[in-house]
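Engineer:
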Amino acid sequence: MAKAKKDKKDLLTRIRQRYKTMVEADQDNRRDAMEDLKFALRPGEQWDEHQKKERGDRPCYEFNKIRVTGKRIVNDMRANRPQGKVRAVEDGDKAAAEALEGLARNLWHVSDGDTVIDYAGEYQVFGGMGAWRVVVDYADDDMFTQDIRVEALRNPFCLYADPSASDPIKRDAMDWLLTEKISKTEYERKWPKAEVIEFESTEFDDDGEWDSDERVRICEYWYKEAVERKILLLSDGRTVREEDLTAEVVAQMGAAGLTVIKDRTVQSHDIYMCIASGEAILEGPTKFVGKQFPFVVVYGEWVVIDGKPHWCGITRFAKDAQRSYNVSRTAITEAIASAPQAKYMMTPEQVQGLEQQWAVAHKENHPYLLYNNDPKASAMPQRMGGPEVPVALIQESQIASEEIKSVTGIFDASLGNRSNEQTGIAIRARQAQGEIATFNYADNMAKGIRRTWEILIDIIPKVYDTERMVRVLGVDGAEKFVKINGPDESGQVLDITRGKYDVAVTTGPGFSTQREMAAEIYTQMVQANPALFQIAGDLIFKAMDLPYSDKMAERMKAMLPPQIQKIEAEGKQVPPEAMAALAQADQMMQQVQQMSQLVQEAAAEAETGKADAEKAKAEVRMEQANLKTLQAQLDKEVAEFQKLVAETQTQMLEQKVASDADSAIKTEDAGVAEKWAKIEQSVAEYMKQAVQALATIQAQAAPQVVVANAPRRRVARIRRVNGELIGEMQDVEDQVAQS
8 MAKAKKDKKD LLTRIRQRYK TMVEADQDNR RDAMEDLKFA LRPGEQWDEH
58 QKKERGDRPC YEFNKIRVTG KRIVNDMRAN RPQGKVRAVE DGDKAAAEAL
108 EGLARNLWHV SDGDTVIDYA GEYQVFGGMG AWRVVVDYAD DDMFTQDIRV
158 EALRNPFCLY ADPSASDPIK RDAMDWLLTE KISKTEYERK WPKAEVIEFE
208 STEFDDDGEW DSDERVRICE YWYKEAVERK ILLLSDGRTV REEDLTAEVV
258 AQMGAAGLTV IKDRTVQSHD IYMCIASGEA ILEGPTKFVG KQFPFVVVYG
308 EWVVIDGKPH WCGITRFAKD AQRSYNVSRT AITEAIASAP QAKYMMTPEQ
358 VQGLEQQWAV AHKENHPYLL YNNDPKASAM PQRMGGPEVP VALIQESQIA
408 SEEIKSVTGI FDASLGNRSN EQTGIAIRAR QAQGEIATFN YADNMAKGIR
458 RTWEILIDII PKVYDTERMV RVLGVDGAEK FVKINGPDES GQVLDITRGK
508 YDVAVTTGPG FSTQREMAAE IYTQMVQANP ALFQIAGDLI FKAMDLPYSD
558 KMAERMKAML PPQIQKIEAE GKQVPPEAMA ALAQADQMMQ QVQQMSQLVQ
608 EAAAEAETGK ADAEKAKAEV RMEQANLKTL QAQLDKEVAE FQKLVAETQT
658 QMLEQKVASD ADSAIKTEDA GVAEKWAKIE QSVAEYMKQA VQALATIQAQ
708 AAPQVVVANA PRRRVARIRR VNGELIGEMQ DVEDQVAQS
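Counting with my numbering, you get residues 8 to 746 for the letters of the sequence shown.
Below, the structure written as structure tokens:
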């Protein structure tokens with residue numbers, strides 16, 4: 008007990024010393040950054056106190072151009088959000104990498120990560136530093152499972168990192184410190200036995216203007232502890248830590264026949280966290296699940312000068328230009344406001360008796376003004392103009408405005424204003440100049456997001472280490488549920504606790520924006536080439552964000568030409584009988600089209616040969632209509648059959664398990680055979696009706712002609728041989744034609 012108290016006392020002393028070191032190392036940067044934030048975002052901060060004192064009661068107007076300039080950078084990052092991607096280092100980990108990426112994307116979505124980085128981006132651009140954290144906590148009060156989320160920091164200036172870290176993102180930091188204010192009520196609820204003593208505060212902490220008597224400052228301290236551990240190489244290629252080999256794990260290894268090939272001792276570390284007040288350790292130290300600190304910091308500009316890091320945002324170097332603009336614009340406004348009103352020049356005799364009317368002429372709208380005729384005056388009363396604003400002030404304000412653009416690197420075209428650029432290429436080139444000048448902000452934010460994904464990929468296998476169903480999200484937002492760390496319905500095991508992975512980040516328009524752009528481009532292409540819709544209509548509908556567009560895409564895909572269906576099927580496991588049946592369906596449809604053409608030609612002859620026989624013509628038209636109805640029904644059934652084959656292809660692709668291919672084929676055999684039998688019946692009925700229609704039409708055209716030799720028709724038959732569906736064509740003499 009005495010040793011534990013001494014350890015906590017030593018830890019508290021260490022926290023105080025590290026806090027003092029961290030604050031002193033970065034206090035200049037944070038003081039300047041706080042001034043920058045106030046200058047850009049809080050009204051009344053763009054005139055320093057010395058200037059305000061000198062001006063006394065004179066106005067101090069602000070015309071804040073820096074805010075709009077900074078918003079341009081922030082909103083451009085919002086429009087082009089970086090997306091994390093997980094890549095497998097080894098070939099066997101590809102499926103697990105996809106699951107990890109989908110799971111990380113789901114955690115980002117549930118945490119509303121976009122809002123987190125948007126808030127941090129405001130601090131990064133205007134102040135020079137933004138930050139957020141990754142939190143691991145229990146999913147609910149009555150559960151033992153833990154969840155991961157990304158969380159914003161209300162004030163990034165309350166976060167301090169090891170000043171000896173050389174990496175701008177602080178990957179190599181040895182410790183972190185985060186201060187926070189909570190209410191006294193919450194403090195007493197969490198730590199009822201602890202005395203309410205506030206941790207040290209600095210000028211950069213939040214809530215400076217709040218009532219500090221009702222709030223208490225506490226401190227989270229995160230640090231690394233060196234540890235020596237033994238790692239083991241198993242016979243299946245896995246590397247495990249000796250300390251993780253519980254009795255249950257050893258038993259499982261023995262049952263699986265796994266043995267230890269070799270071992271070695273390594274120097275590693277664990278991460279611990281504790282919460283401290285001014286006089287005591289309130290919680291911990293508690294071991295963290297990951298091997299990396301859960302904090303992410305991003306800077307606007309970061310550089311080392313004279314051995315000391317300096318960082319800033321867009322505001323720092325634009326402040327003087329903004330002040331100059333405020334001074335010149337205020338002087339112009341002041342000159343206009345204080346300029347005397349225009350006066351009239353006249354003689355006393357001209358206004359004698361009319362003084363009251365002329366005294367209020369400058370502020371009352373009289374329809375006319377009277378004056379007395381004075382023979383001594385050379386003219387009527389004359390209005391004299393007021394003094395003009397000095398041209399130098401106007402020029403100075405214009406120069407200051409241009410200086411703000413030059414300093415920030417964002418010009419009119421980038422801000423959306425019209426400039427001297429006339430063509431779209433010229434406008435985009437000017438916009439690109441602004442984006443390049445401020446690209447470091449978006450690039451540093453992308454690096455921060457990459458760092459976040461590195462932390463997530465480190466933590467996820469340790470938190471989600473049991474068998475469970477999890478939701479994963481695709482890049483398009485589509486969701487599905489997968490089983491991890493245990494066998495699924497097909498017997499596959501997706502173990503995300505194994506393997507090696509790294510992270511990449513792509514930056515560009517979000518998926519929804521890309522889809523809108525694609526839909527617009529595809530629509531223009533279809534207007535230029537309507538035939539394109541017949542071969543790519545399903546993709547065009549899929550790109551549209553419209554009600555039922557997904558249903559339209561499915562129907563269009565079912566109606567794709569056989570050549571496209573064949574391309575879609577390449578590389579997929581497709582039941583051979585289904586492909587054979589599809590080919591036979593195409594052959595049968597060609598025969599149907601030939602018979603239809605023959606009937607149409609006979610009908611045309613009948614119409615010409617017996618133009619005066621209305622009854623015969625009506626019978627011919629009736630036979631044609633019946634035939635068209637049957638052909639439409641047949642087309643529909645063939646389309647449904649093609650859709651069934653396409654669905655079979657998709658299902659086989661999704662399974663991706665060679666051992667399950669036979670069972671999948673057997674499952675689809677019944678559906679294929681049933682559809683094929685229906686098509687056979689419809690084709691037979693169609694050919695029967697076609698022969699009857701041909702005989703009727705020929706009889707109407709030339710009654711003396713008798714069809715002696717009825718045409719023979721080829722009928723497709725499908726039968727099962729040794730468990731396989733075999734399709735073949737047979738010549739069958741049509742009984743109806745003989746009769």
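Positions of the beta carbon are idealized from the N, C-alpha and C atoms, including for glycine.
Given the structure is predicted, the values throughout are model-derived calculations rather than measurements.
Where K15 and I288 are concerned, what is the direct C-alpha to C-alpha distance, given to the nearest angstrom?
Structural biologist: Translated into the one-based positions of the sequence shown, residue 15 becomes position 8. Translated into the one-based positions of the sequence shown, residue 288 becomes position 281. Spanning the two alpha carbons is a distance of roughly 6 Å.
Engineer: Under a three-way DSSP split, which group does Y471 fall into?
Structural biologist: In the sequence shown, residue 471 corresponds to position 464, counting from 1. Note: Y471 maps to coil in three-state DSSP.
Engineer: Rounding to the nearest angstrom, what Cα-Cα distance links Y471 and Q153 in this structure?
Structural biologist: In the sequence shown, the residue the question calls residue 471 occupies position 464. In the sequence shown, the residue the question calls residue 153 occupies position 146. Cα to Cα, Y471 sits roughly 8 Å from Q153.
Engineer: Are the segment 37-53 and the segment 319-336 touching, with three or more C-beta to C-beta distances below 8 Å?
Structural biologist: Contact between the segment 37-53 and the segment 319-336 is present, because at least three Cβ pairs lie under 8 Å.
Engineer: Here's the rule: buried if 16 or more other CB atoms are within 10 angstroms of the residue's CB, otherwise exposed. What is T459?
Structural biologist: Against the sequence shown, residue 459 aligns to sequence position 452. Buried.
Engineer: Distance check for Q402 and E409, CA to CA, integer angstroms please.
Structural biologist: Your numbering for residue 409 matches position 402 in the sequence shown. Your numbering for residue 402 matches position 395 in the sequence shown. Distance between the alpha carbons of E409 and Q402 is about 11 Å.
Engineer: Please report the residue range of the beta strand (DSSP E) in which K188 lies.
Structural biologist: In the sequence shown, counting from the first residue as 1, residue 188 sits at position 181. Segment D182 to S190, the beta strand (DSSP E) holding K188.
Engineer: Rounded C-beta distance between M181 and Y228? I'm assuming under 8 Å.
Structural biologist: Locating residue 181 in the sequence shown gives position 174, where the first residue counts as 1. Locating residue 228 in the sequence shown gives position 221, where the first residue counts as 1. Between Y228 and M181 the Cβ distance is about 12 Å, and since that is not below 8 Å, they are no contact.
Engineer: Is the beta carbon of V358 closer than 9 Å to that of N379?
Structural biologist: Position 372 of the sequence shown, counted from the first residue, corresponds to residue 379. Position 351 of the sequence shown, counted from the first residue, corresponds to residue 358. Going by C-beta atoms, N379 is nearer than 9 Å to V358.
Engineer: Rounded to a whole number of angstroms, what is the C-alpha to C-alpha distance between N451 and A32?
Structural biologist: Within the sequence shown, the letter at position 444 stands for residue 451. Within the sequence shown, the letter at position 25 stands for residue 32. For N451 and A32, the distance between alpha carbons rounds to 22 Å.
Engineer: With distances taken from CA atoms, which of A283, H317 and S275 is nearest P175?
Structural biologist: Here residue 175 is taken as the residue at index 168 of the sequence shown, counted from 1. Of A283, H317 and S275, the residue nearest in Cα terms is H317.
Engineer: In terms of residues, what are the limits of the beta strand (DSSP E) holding R323?
Structural biologist: Taking the sequence shown and counting its residues from 1, the one referred to as residue 323 is at position 316. It is not in any beta strand (DSSP E) - R323 carries neither H nor E in the DSSP assignment.
Engineer: For G455, which residues from the same chain have a beta carbon less than 6 Å from its beta carbon, with the 5 sequence-adjacent residues on both sides left out?
Structural biologist: Taking the first residue of the sequence shown as 1, we reach residue 455 at position 448. Answer for G455: V303 and V305, listed in chain order.
Engineer: Give me the Cα-Cα distance between G264 and R236, rounded to the nearest whole angstrom.
Structural biologist: Your numbering for residue 264 matches position 257 in the sequence shown. Your numbering for residue 236 matches position 229 in the sequence shown. Rounded to whole angstroms, G264 to R236 spans 25 Å at the Cα level.
Engineer: Pull up the DSSP beta-bridge partners for Y167, would you.
Structural biologist: Residue mapping note: residue 167 aligns to position 160 of the sequence shown, counting from 1. Paired residue(s): L184.
Engineer: How many angstroms separate the CA atom of R750 from the CA atom of E474?
Structural biologist: Residue 750 lies beyond the range of the chain shown here (8 to 746); nothing can be said about it.
Engineer: DSSP three-state label for E232, please.
Structural biologist: By one-based count along the sequence shown, residue 232 stands at place 225. In the structure shown, E232 sits in a strand (DSSP, three-state: E or B).
Engineer: Given a cut-off of 9 Å on the beta-carbon distance, is the pair P163 and A127 in contact?
Structural biologist: Position 156 of the sequence shown, counted from the first residue, corresponds to residue 163. Position 120 of the sequence shown, counted from the first residue, corresponds to residue 127. Yes, the pair counts as a contact, with Cβ atoms nearer than the cut-off.
Engineer: Within the chosen definition, does the segment 127-139 reach the segment 34-44 through at least 3 CB pairs nearer than 8 Å?
Structural biologist: These segments touch.
Engineer: Opposite D33 in the DSSP bridges: which residues?
Structural biologist: What you label residue 33 is simply residue 26 of the sequence shown in a count that begins at 1. Bridge partners of D33: none, in fact.
Engineer: Extract the residue ranges of the alpha helix (DSSP H) inside the segment 285-362, only unbroken runs of 4 or more that lie entirely within it.
Structural biologist: The qualifying runs are 326-345 and 355-358.
Engineer: Along the chain, which unbroken stretches of the beta strand (DSSP E) at least 3 residues long are found entirely within the segment 77-126?
Structural biologist: Here the runs fully enclosed are 89-95.
Engineer: Using the C-alpha atoms, what's the distance from D509 back to A86?
Structural biologist: Here residue 86 refers to the residue found at position 79 when the sequence shown is read from its first residue. Here residue 509 refers to the residue found at position 502 when the sequence shown is read from its first residue. So the alpha carbons of these two residues sit roughly 26 Å apart.
Engineer: Check whether the segment 10-29 touches the segment 183-200, counting contact only when three or more Cβ pairs, one atom from each stretch, lie closer than 8 Å.
Structural biologist: Counting Cβ pairs under 8 Å, three or more are found: they touch.
Engineer: I need the DSSP call for E409, collapsed to helix, strand or coil.
Structural biologist: As a first step, residue 409 is located in the sequence shown; it is residue number 402 there, counting from the start. In the structure shown, E409 sits in a helix (DSSP, three-state: H, G or I).
Engineer: Going by CA-CA distance only, name the one from R505, E496, P494 and K487 that's closest to R112.
Structural biologist: Position 105 of the sequence shown, counted from the first residue, corresponds to residue 112. Comparing Cα-Cα distances from R112 to each of R505, E496, P494 and K487, the minimum goes to K487.
Engineer: For P292, count the other beta carbons within 10 Å of its own beta carbon; 16 or more makes it buried, fewer makes it exposed. Which is it?
Structural biologist: Counted from its first residue, the sequence shown places residue 292 at position 285. Under this definition P292 is a buried residue.
Engineer: Assign P468 to one of two classes, buried (16 or more other C-beta atoms within 10 Å of its C-beta) or exposed (fewer than that).
Structural biologist: Taking the sequence shown and counting its residues from 1, one reaches residue 468 at position 461. By the 10 Å Cβ count, P468 comes out buried.
Engineer: How should R65 be labelled, buried or exposed, when 16 other C-beta atoms within 10 angstroms of its C-beta is the threshold for buried?
Structural biologist: The residue you call residue 65 lines up with position 58 of the sequence shown. So R65 counts as exposed.
Engineer: What would DSSP say about V273, mapped onto helix, strand or coil?
Structural biologist: In the sequence shown, residue 273 corresponds to position 266, counting from 1. Strand.
Engineer: Tell me which residues share the same chain as G120 and place their Cβ nearer than 7 Å to its Cβ, disregarding the 5 neighbours each side in the sequence.
Structural biologist: Locating residue 120 in the sequence shown gives position 113, where the first residue counts as 1. Same-chain partners within the cutoff: V157.
Engineer: Return the Cβ separation of D277 and E232 in integer angstroms, given the expectation that the two are a contact with Cβ distance under 8 Å.
Structural biologist: Taking the sequence shown and counting its residues from 1, one reaches residue 277 at position 270. Taking the sequence shown and counting its residues from 1, one reaches residue 232 at position 225. With a Cβ gap of about 5 Å, D277 and E232 count as contacting.
Engineer: What separation, rounded to the nearest whole angstrom, lies between the Cα atoms of K72 and S413?
Structural biologist: Residue mapping note: residue 72 aligns to position 65 of the sequence shown, counting from 1. Residue mapping note: residue 413 aligns to position 406 of the sequence shown, counting from 1. In a straight line, the C-alpha of K72 is about 13 Å away from that of S413.
Engineer: Helix, strand or coil for G137? Go by DSSP, reduced to three states.
Structural biologist: Residue mapping note: residue 137 aligns to position 130 of the sequence shown, counting from 1. G137: strand per DSSP, three-state reduction.
Engineer: With DSSP as the reference, please indicate the residues paired to Y508 in a beta bridge.
Structural biologist: As a first step, residue 508 must be located in the sequence shown, where it is residue number 501. Note: Y508 sits in a beta bridge opposite A95.
Engineer: When the Cα atoms are used, what is the spatial distance from C748 to A325?
Structural biologist: Nothing in the structure corresponds to residue 748, since the chain is present only between 8 and 746.
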